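Shown next, in structure tokens, is the structure this report addresses.
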Amino acid sequence: MHIPTRFATLDIALERRVIDRADTVADVLAPAGWTDVRIEAWLDWLDDQVFEPGNTGPLATGDRPLLGGLDAWAQTLAGRCIDLGLLDGPSEAQTLAQGLVQTMLCGLVAPGIGAVEPDCPVLTLVDPANVRLIEARIAARHLASATSGVVEAAARALNAVADAVDRCEGPRGECATPRKNPALARAALKARQTGASDAAILKAMGGERLSLDPAVPPVDPPLVLVANREAVAAGGPHSELLGRAALNGDLVLAFDAADGEAAGLHLRATTVLLNLPVILRAGDGSHDILSDLVRLWTVALAAADRSASHALRLGLGGLADVVLGEGLTTATAIEHRLSQIAGTVIATAQIASAEMATLGGSSEGVDPLPEDAAERLLRQAGTVGQFDASLSSRLQDAAGAISRGRWHSAIGLFVDDPEQALRAGTGAVSARDLYQTRDGEIVPCLRATLARAIRAHGGDDEAAERHLLGRRTLLDAPGINHAALQALGFTAIELDAVESALNSVQRLDDAFGPLVLDPGFVRDVLDIEAGEADLLALLGFEDEAIAAAEAYALGHPDLTAWSDMPASLRAWLDDPEREPSLRRLIEPFSETPDLAPRAIDWACTPAQAARLLGEAARQNHRVVRLVPTSPPPGPLLDLPDTVAPAVSVPRPEPTVRTVEKVIERVVERDRKRRKLPDRRKGYIQKAAVGGHKVYIHTGEYDDGELGEIFIDMHKEGAAFRSLMNNFAIAISIGLQYGVPLDEFVDAFVFTRFEPAGRVTGNDSIRSATSILDYIFRELGVSYLDRTELANADPDHLNADGLGAGTDDVEAVPAARFISKGFARGAAPDNLVVLPFGQRREPEASANAPTHADACPSCGDFALQQRGAGWICDACGVATSRSG
């Protein structure tokens, strides 16, 4: 069989690239114009292919990941073609393999993974059993969709149960007991509320965990259904059922039995996607290279077909780019050009299939399409003959060739695989495109084919690119420009930072964010708290001015608002149905129908879906497939709070001693930083914890509320001192943003690390388990009256625990406790404070008992001296002592 040889000698510029993959780093030799994403897509595709052992050709130059993989795959297909009797010998096989590799590296084609035949029967609504099957499938899909979030929530709750056990410190048995582990009890209750059974909770307590990785659900084949066109168009009795089935996204509705069978073959076909713009540019508009390419891949994919259907799809990619690149604007010119391309592809493939049937036999075990393919070709030959006699003759030759038999059961022209389109370098036409620079950066640009079309129609493509991508500067921008910013206090430093940020941001506000402008400049010059969102709005700019400046600097999402678009292009570019209309022009040449899904809103109702199906039936579509879009993330309902608040029984308030103290006020307000006065009051407490000196400096607001602390341990190492200083700054910032001091006290008391032990220099706290424990005990006692944190009794107690009482002492002058510098001499002379923290020598008691001796009569230690004699206070005997 003749194999085209022109592709084996194509010149390709290759370069060494390093690709970061999911589990490894690949060093590959790849075409110079490919992006990293495109190379990785090819590597992923090769991972799924099956190679014959030892099949490596001359292109496998040690570069196994890409060149070697493609060559091994091509050699495998060539070997299978020999086995099928399609090639004469190794010479033709080598030509075929080299041509396959070169066309893939040149970006002309992208083959798909060989299709595995799914169980995809074609159903009709005449049989009641099929109606019940559809109802059951709808119910199963709805149940799976409704419970997916519930299953994930239950899995997270059960993993939280296991985490509560793992975080517990103590015996394993007690940690796994909800009554002894409060965190476990809360987690288990929440898991039960999500619907988890107690058995599952017990397993989680035993250490069993559930994977939170999104499971890949089993992919059911689409449901191919044949319905009467007139009944669907008129809203017949099964319209509501069809609408509900269509909302599942897997209904393929055909209006003819032949199209239903063709749709089933479409789903089982082996595919290859052709990059038409690149192919036609390589052939200078000639169809010879297109014909040779189709013949090459029609033969090769016979060996890649892993299904029993022997169906083939030669996808025509880049139709819109062809129209733009060739400057076609009228409907007639577009129809004729696409008919020439589709006719050339289908005629070449049919002739090659007929030759393959002569060499290797027709496809076995596959019923041919009910409608004769030869008759379809003859009808299209008559249509094409009105403007291209040569192509009409070629279609007639193809009809005559396949009338004697062919290899394939069906040949189609549609491939809708995003991954395949990525590897081929095709995609939907949009004004904005992306390209990768030499250093790996992805930057936006105006689509090349659109730029050529604008130039061809007399437009300015550079102006179009400026409109689309923006000027990336605010120098002369409307609304917000350098002059307006300088009037607000911006200097050259800030303006340069903003201009640099405009090259990479997507929103204008991001160019004025905290990562661009210095927080000190924002706070001191602009008088705005650093970190505030929407800085431009806070500076007084109106929304219209911000939008105008953003459009000037960062561009527009498309070219719809560009006033200089050539009129001959605007009508076609503004048509939302332009690409579907192009596909409908080539559908008559395809034996399999176009199964491209039509996107509908996720909230579409079955009645609305049924109306869309009826509209497609009235427009004479061969098949129709509706796919709902994904719902937006996050909550979508604004539900009222229906839970009644618990009614608490009032308790009698205990009588408490009134103590004048500084308390922490709870004030509902926005989380904004409350600055301390520049001249603030406070106190300094010196103490030693475990022999390590520590000074606590406090700063207070005018109302006495704590606003900052400083911790000084000047005799410690530099690292420890720095750590404590920064810790104090973090606590101070939290206090100034409204974090209650109680939260810090509860968080840090009883922390245990060295230094720890005895505390000296503090009259309320005599021991601490760490420096942090001492600091927050002191703050809790001093500012919150947390007397339970004090662990020292300032009173002297007798053995009976009643206390001996103290005498009144002289009042201490206030100057000892109020800074004279802070008061600036304004403290009154008669202001005194009660003394505390003073060391007093114990006073000798007037009636303190003296030393007593043992009585020689009764033996009691009650013998006391009375004058010159000794008298026993117990028995009353008087005795004398000698010596």
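With this note's numbering, the residue at position 118 of the sequence shown is 118, and numbering never jumps.
Heads up, the beta-carbon is just placed ideally off N, CA and C, and yes, glycines get one too.
The structure displayed is predicted, hence computed values, not measured ones.
In the structure shown, what three-state DSSP assignment does residue 879 receive?
-> As a working mapping, residue 879 is identified with position 879 in the sequence shown. Three-state result, residue 879: strand.
Would you kindly work out how many angstroms separate the C-alpha atoms of residue 749 and residue 760, rounded to a whole number?
-> As a working mapping, residue 749 is identified with position 749 in the sequence shown. As a working mapping, residue 760 is identified with position 760 in the sequence shown. Approximately 18 Å between the Cα atoms of the pair.
Residue 386: first and last residue of the uninterrupted alpha helix (DSSP H) it sits in | Working through the sequence shown from its first residue, we reach residue 386 at position 386. It is not in any alpha helix (DSSP H) - residue 386 carries neither H nor E in the DSSP assignment.
With residue 142 as the anchor, note down where its alpha helix (DSSP H) starts and where it stops.
-> Looking up residue 142 in the sequence shown gives position 142. 128–167 is the extent of the alpha helix (DSSP H) around residue 142.
When you compare only the Cα positions, how much space is there between residue 101 and residue 27?
-> By one-based count along the sequence shown, residue 101 stands at place 101. By one-based count along the sequence shown, residue 27 stands at place 27. Cα to Cα, the separation comes out at about 19 Å.
Which residue from 257, 561, 425, 343 puts its Cα closest to that of residue 389?
-> Position 389 of the sequence shown, counted from the start, is the residue given in the question as residue 389. It is 343 whose Cα lies nearest to the Cα of residue 389.
In or out: residue 739 buried (at least 16 other Cβ within 10 Å) or exposed?
-> Looking up residue 739 in the sequence shown gives position 739. Result: exposed.
Contact check, residue 272 vs residue 301 under 8 Å by CB: the rounded distance?
-> To locate residue 272, count along the sequence shown from 1; it is residue 272. To locate residue 301, count along the sequence shown from 1; it is residue 301. Correct: roughly 6 Å between the Cβ atoms.
Should the stretch 576–584 be called in touch with the stretch 466–475, which here means at least 3 C-beta pairs below 8 Å?
-> no
Check whether residue 408 and residue 568 have beta carbons under 7 Å apart | For the purposes of this step, residue 408 is identified with residue 408 of the sequence shown, where counting begins at 1. For the purposes of this step, residue 568 is identified with residue 568 of the sequence shown, where counting begins at 1. Against a cut-off of 7 Å, the Cβ pair of residue 568 and residue 408 comes out as no contact.
May I have the straight-line CA-CA distance separating residue 709 from residue 732, to the nearest angstrom?
-> Within the sequence shown, numbered from 1, the residue matching residue 709 stands at position 709. Within the sequence shown, numbered from 1, the residue matching residue 732 stands at position 732. C-alpha separation (whole angstroms): 6 Å.
Helix, strand or coil at residue 435 according to DSSP, with G and I counted as helix | Sequence index remark: in the sequence shown, residue 435 carries index 435 (1-based). Residue state, collapsed to three classes: strand.
Measure how close the beta-carbons of residue 627 and residue 249 come, nearest whole angstrom, since I'm counting them as under 8 Å.
-> For the purposes of this step, residue 627 is taken as the residue at position 627 of the sequence shown. For the purposes of this step, residue 249 is taken as the residue at position 249 of the sequence shown. At roughly 4 Å, the Cβ-Cβ gap stays under 8 Å, so residue 627 and residue 249 are in contact.
From what residue to what residue does the alpha helix (DSSP H) around residue 727 run?
-> For the purposes of this step, residue 727 is taken as residue 727 along the sequence shown, with counting starting at 1. Segment 718–736, the alpha helix (DSSP H) holding residue 727.
Expressed to the nearest angstrom, what Euclidean distance is found between the alpha-carbon atoms of residue 75 and residue 347?
-> Position 75 of the sequence shown, counted from the first residue, corresponds to residue 75. Position 347 of the sequence shown, counted from the first residue, corresponds to residue 347. Each residue's Cα considered, the two are about 27 Å apart.
Shortest alpha-carbon distance to residue 450 belongs to which of 591, 857, 319?
-> As a working note, residue 450 is residue 450 in the sequence shown. For residue 450, the nearest C-alpha among the options comes from 319.
Starting from the C-beta of residue 13, find all residues in its chain whose C-beta is less than 6 Å away, skip the five residues before and the five after it, and write them out in chain order.
-> Walking along the sequence shown from the start, residue 13 turns up at place 13. Correct list, in chain order: 32.
Alpha carbon of residue 701 to alpha carbon of residue 672, nearest angstrom | As a first step, residue 701 must be located in the sequence shown, where it is residue number 701. As a first step, residue 672 must be located in the sequence shown, where it is residue number 672. Whole-angstrom Cα-Cα distance: 16 Å.
Run through DSSP, which three-state label would residue 27 get?
-> The residue you call residue 27 lines up with position 27 of the sequence shown. If DSSP states are grouped into helix, strand and coil, residue 27 belongs with the strands.
Report yes if the C-beta distance between residue 312 and residue 269 is below 7 Å; otherwise report no.
-> As a working mapping, residue 312 is identified with position 312 in the sequence shown. As a working mapping, residue 269 is identified with position 269 in the sequence shown. Closer than 7 Å, so yes.
Would DSSP call residue 516 helix, strand or coil?
-> As a first step, residue 516 must be located in the sequence shown, where it is residue number 516. Coil.
Alpha carbon to alpha carbon, what distance is there between residue 380 and residue 395?
-> Locating residue 395 in the sequence shown gives position 395, counting from the first residue. Locating residue 380 in the sequence shown gives position 380, counting from the first residue. Their Cα atoms are separated by approximately 8 Å.
Status (buried if at least 16 other CB within 10 Å, exposed otherwise) for residue 591 | In the sequence shown, the residue the question calls residue 591 occupies position 591. It is buried - the Cβ of residue 591 has at least 16 other Cβ atoms within 10 Å.
Reduced DSSP category for residue 480 - H, G, I as helix; E, B as strand; rest coil = Here the question's residue 480 lines up with position 480 in the sequence shown. It is coil, neither helix nor strand.
Would you grab the beta carbon distance between residue 316 and residue 276 for me? Rounded to a whole angstrom, and I think it's under 8 Å.
-> The residue you call residue 316 lines up with position 316 of the sequence shown. The residue you call residue 276 lines up with position 276 of the sequence shown. Right, their Cβ atoms sit about 6 Å apart.
Is it the case that the Cβ atoms of residue 86 and residue 360 are separated by a distance below 7 Å?
-> Walking along the sequence shown from the start, residue 86 turns up at place 86. Walking along the sequence shown from the start, residue 360 turns up at place 360. A contact, by the Cβ cut-off of 7 Å.
Locate the beta strand (DSSP E) running through residue 223, then write down its first and last residues.
-> The residue labelled residue 223 in the question sits at position 223 within the sequence shown. Element bounds for residue 223: 223–226.
Under 7 Å Cβ to Cβ from residue 863, same chain only, skipping five residues before and after it: list those, please.
-> Sequence index remark: in the sequence shown, residue 863 carries index 863 (1-based). Answer for residue 863: 852, 853, 854, 855, 870, 872, listed in chain order.
Skipping 5 residues on each side, what residues in its chain have a beta carbon closer than 7 Å to that of residue 521?
-> Walking along the sequence shown from the start, residue 521 turns up at place 521. Taken in chain order, the residues that qualify are 494.
Could you check where the beta strand (DSSP E) with residue 685 kicks off and where it finishes?
-> Here residue 685 is taken as the residue at index 685 of the sequence shown, counted from 1. First-last of the beta strand (DSSP E) with residue 685: 684–689.
What's the gap between the Cα of residue 484 and the Cα of residue 562?
-> Counting from one through the sequence shown, the residue named residue 484 turns up at place 484. Counting from one through the sequence shown, the residue named residue 562 turns up at place 562. The straight-line gap from Cα to Cα measures roughly 27 Å.
Is the beta carbon of residue 10 sitting closer than 7 Å to the one on residue 106?
-> Residue numbering aside, residue 10 sits at position 10 when the sequence shown is read from its first letter. Residue numbering aside, residue 106 sits at position 106 when the sequence shown is read from its first letter. In contact: residue 10 and residue 106 (Cβ atoms closer than 7 Å).
Whether residue 387 touches residue 617 by CB criterion (7 Å) | The sequence position of residue 387 within the sequence shown is 387, counting from 1. The sequence position of residue 617 within the sequence shown is 617, counting from 1. No.
Would you give the residue range spanned by the beta strand (DSSP E) that residue 872 belongs to?
-> Translated into the one-based positions of the sequence shown, residue 872 becomes position 872. That run of the beta strand (DSSP E) goes 869–872.
Answer with buried or exposed for residue 323, where buried requires no fewer than 16 other C-beta atoms within 10 angstroms of its C-beta.
-> Along the sequence shown, one-based indexing puts residue 323 at 323. Residue 323 comes out buried.
Simplified DSSP assignment, three categories, for residue 101 | Working through the sequence shown from its first residue, we reach residue 101 at position 101. Residue 101: helix per DSSP, three-state reduction.
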